[in-house]
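K.L.:
Protein sequences, first through last, are from chains A and B.
Quick note, the numbering used here runs 42 ahead of the 1-based positions in the first sequence.
Quick note, the numbering used here runs 42 ahead of the 1-based positions in the second sequence.
Cβ coordinates follow ideal geometry from the N, Cα and C atoms, glycine included.
Protein chains: 2
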Amino acid sequence: MTLKTEKYPALYQASLELFADFGYRKTTVEDVAVKLDMTKGNLYFYVKNKKQLYEQTITHALTQWKDHVKKAVDKKSDPVEKFRVMAVSALAYIEKNAPLRQVIIKDPQIFTLSPREDRFAETNQAAMVILKDILKQGVAQKKFYPMDVDQVTAYLFSVYMMFLIKTYVNADQASSKKLFAIALELNLRGLLNHTTDRLTPIV
Amino acid sequence: MTLKTEKYPALYQASLELFADFGYRKTTVEDVAVKLDMTKGNLYFYVKNKKQLYEQTITHALTQWKDHVKKAVDKKSDPVEKFRVMAVSALAYIEKNAPLRQVIIKDPQIFTLSPREDRFAETNQAAMVILKDILKQGVAQKKFYPMDVDQVTAYLFSVYMMFLIKTYVNADQASSKKLFAIALELNLRGLLNHTTDRLTPIV
DNA sequence: AAATTGAATAATTTAACTTTTTGTTCAAAT
DNA sequence: ATTTGAACAAAAAGTTAAATTATTCAATTT
């Protein structure tokens with residue numbers, strides 16, 4: 043007799059694997075139920091409907107991803123190192139997580155450049171906090187140039203999304219990896235506090 | 043009696059306007075022919091088929107865009123100024139070109155982050171040359187840091203594409219404009235030759 | 001010859017309808 | 001508290017005919 047709350051990890055795993063293999067449309071509620079050794083009727087005791095099952099599953103996977111990056115970042119103290127670790131560990135994580143990668147290929151809209159239509163906006167906001175805190179710390183320690191932290195966070199997160207799209211949605215694996223290193227260098231160069239001069243007039 | 047070659051400017055204009063208003067599917071070959079005061083049979087004297095009519099029309103519009111930016115850039119001599127003018131004039135041009143903007147909204151795939159499936163790759167390659175030449179000049183004059191110009195060009199062009207998608211495909215107009223200024227500053231800061239130290243190890 | 005027409009034909013799209021599959025609910029059972 | 005299975009609703013897939021649109025081309029005009 044397992045407690046309701048104890049069932050969710052297995053539920054999310056079964057669900058993620060099926061959605062990864064067949065996509066949202068071709069995965070039936072019964073497929074998921076059978077994989078969990080239950081009937082589809084019973085699955086509705088755990089989730090409201092198919093759509094929410096899907097979204098909760100993805101949200102769970104994205105949250106685990108974010109937590110993993112957070113842990114890696116917290117091991118460093120220097121903001122420059124934190125920035126680098128954030129970028130590298132985020133990419134390394136998904137590199138190892140095949141089901142999540144597959145789900146993204148089947149449903150490219152999971153990664154969107156449009157915050158307005160981001161179904162996982164809440165989770166992504168939480169991920170952005172990691173970046174934002176690094177920038178804040180860097181600015182406070184005068185290691186990064188004085189900036190509008192929220193805007194720079196939004197921009198860099200967009201660039202990160204762009205890479206995820208290029209690498210995993212479009213599967214330009216090899217070329218994207220190289221570009222990622224180039225981008226990391228260029229952006230870190232930009233963040234570092236070489237000068238206090240403003241380079242572009244405020245529009 | 044107009045010469046065949048003289049008809050193309052009017053042809054591309056009529057075609058662009060119709061595709062802008064109705065999109066590829068809802069624009070008929072007859073619509074275009076009527077707008078040019080000819081029959082659809084005769085339109086086939088000028089273009090191979092509907093798909094090519096569409097692609098030639100977009101290519102023509104994108105090429106004009108590129109030429110406009112090139113002209114603006116050529117008026118400056120300093121690579122930093124060139125970089126800024128390139129960014130600003132590119133955005134200003136499309137801001138004024140309503141039909142091109144509309145066509146992009148109707149067919150978001152015109153701007154893609156995937157070079158492999160870019161139907162207008164050739165035209166975009168030509169546009170990248172402008173950026174590449176600016177970077178080359180900046181590096182040669184030691185104003186920009188020593189870099190792999192091809193890779194940095196590819197990265198910055200991706201960022202540019204990302205902005206076009208965010209601003210015109212996703213219509214996050216207001217917020218994207220601000221981010222563009224932020225990005226311009228951050229990237230120029232990164233390009234400038236403050237140090238010769240490598241910030242990230244080569245992967 | 002170069003450009004254009006209009007009619008014939010091929011290809012594609014749309015609409016209406018049927019059948020099948022899948023999602024969701026819920027009273028009854030464990 | 002959790003699970004079942006049957007009933008029902010909703011959505012997807014398949015079928016077909018009609019209508020629209022793309023394309024070709026022999027004949028005509030400029």
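Could you spell out where the alpha helix (DSSP H) holding B/GLU227 opens and where it closes?
P.N.:
215-233
K.L.:
Contact defined as beta carbons within less than 8 Å: I believe A/ALA169 pairs with A/LYS108. What is the distance between those atoms, to the nearest angstrom?
P.N.:
For a cut-off of 8 Å, the C-beta gap from A/ALA169 to A/LYS108 is around 5 Å, short enough to register as a contact.
K.L.:
With distances taken Cα to Cα, identify the nearest neighbour of B/GLN106 among B/LYS118, B/ILE136, B/LYS124, B/VAL145.
P.N.:
B/ILE136
K.L.:
Can the beta-carbon of B/TYR202 be found less than 8 Å from the beta-carbon of B/ILE146?
P.N.:
No, the pair does not count as a contact, with Cβ atoms beyond the cut-off.
K.L.:
Measuring CB to CB, does B/LEU226 end up less than 8 Å from B/ALA134?
P.N.:
no
K.L.:
Kindly give me the distance between the Cβ atoms of B/PRO121 and B/GLN183, rounded to whole angstroms, as I take these residues to be in contact under 8 Å.
P.N.:
6 Å
K.L.:
Decide if the region 186-194 of chain B is in contact with the region 216-236 of chain A; the criterion is three or more beta carbon pairs, one per stretch, under 8 Å apart.
P.N.:
The answer is yes - the region 216-236 of chain A touches the region 186-194 of chain B, with three or more Cβ pairs under 8 Å.
K.L.:
Pull the bridge partners of A/PHE186 from the DSSP assignment, please.
P.N.:
A/LEU234
K.L.:
Give the single residue among B/PHE153, B/LYS178, B/PHE205, B/VAL71 whose Cα lies nearest to the Cα of B/SER119.
P.N.:
B/LYS178
K.L.:
What does the Cβ neighbour count give for B/THR81, buried or exposed, with the cut at 16 atoms within 10 Å?
P.N.:
Around the beta carbon of B/THR81, a 10 Å sphere encloses fewer than 16 other beta carbons of the protein chains shown; the residue is thus reported as exposed.
K.L.:
Could you confirm whether any beta carbon from chain A is found closer than 8 Å to the beta carbon of B/ARG158?
P.N.:
Yes, B/ARG158 lies at the interface with chain A (some Cβ there is under 8 Å from its Cβ).
K.L.:
Determine the extent of the alpha helix (DSSP H) in which A/ARG126 is found, giving its start and end residues.
P.N.:
Here the alpha helix (DSSP H) through A/ARG126 covers 121-138.
K.L.:
Kindly indicate the opening and closing residues of the alpha helix (DSSP H) around A/GLU59.
P.N.:
50-68
K.L.:
Verify whether the separation of the beta carbon atoms of A/TYR88 and A/LYS49 is less than 8 Å.
P.N.:
Going by beta carbons, A/TYR88 and A/LYS49 fall inside the 8 Å limit.
K.L.:
Assign B/VAL245 to one of three DSSP states: helix, strand, or coil.
P.N.:
Because B/VAL245 carries a pLDDT of 48, less than 50, the predicted location of this residue cannot be relied on, and no value is offered for it.
K.L.:
Three-state secondary structure (DSSP) at A/VAL89?
P.N.:
coil
K.L.:
Around the Cβ of A/ALA52, are there at least 16 other Cβ atoms within 10 angstroms (buried) or fewer (exposed)?
P.N.:
Within 10 angstroms of the beta-carbon of A/ALA52 lie fewer than 16 other beta-carbons, which makes it exposed.
K.L.:
Can you find a CB in chain B that lies within less than 8 Å of the CB of A/TYR202?
P.N.:
Not closer than 8 Å to any Cβ of chain B, the Cβ of A/TYR202 fails to qualify, so no.
K.L.:
So, using beta-carbon positions, are B/LYS185 and B/LEU234 closer together than 8 Å?
P.N.:
Their beta carbons are under 8 Å apart, which means B/LYS185 touches B/LEU234 by this criterion.
K.L.:
Run down chain A in chain order and give the residues with a C-beta less than 8 Å from the C-beta of B/HIS236.
P.N.:
ARG231, LEU234, HIS236, THR237
K.L.:
In its own chain, which residues sit with a C-beta less than 7 Å from the C-beta of A/PRO157, not counting the 5 before and 5 after it?
P.N.:
ALA163
K.L.:
Would you say A/GLN179 faces chain B, with C-beta separation under 8 Å as the test?
P.N.:
no
K.L.:
Looking at the C-beta of A/LYS220, does it have a partner C-beta in chain B at a distance below 8 Å?
P.N.:
yes
K.L.:
Let me know if B/VAL181 comes out buried or exposed under the rule of 16 or more other beta-carbons within 10 Å of its beta-carbon.
P.N.:
That one is buried.
K.L.:
Chain B beta carbons: is any one of them nearer than 8 Å to that of A/LEU60?
P.N.:
no
K.L.:
How long is the line joining the alpha carbons of A/GLU159 and B/THR165, rounded to whole angstroms?
P.N.:
30 Å
K.L.:
In chain A, what lies closer than 7 Å to B/ASN166 by C-beta?
P.N.:
None at all; the shortest Cβ gap to chain A is about 15 Å.
K.L.:
Hey, does B/TYR24 have any beta-carbon neighbour from chain A nearer than 8 Å?
P.N.:
Shown here, chain B extends from 43 to 245; a query on residue 24 of chain B therefore has no answer.
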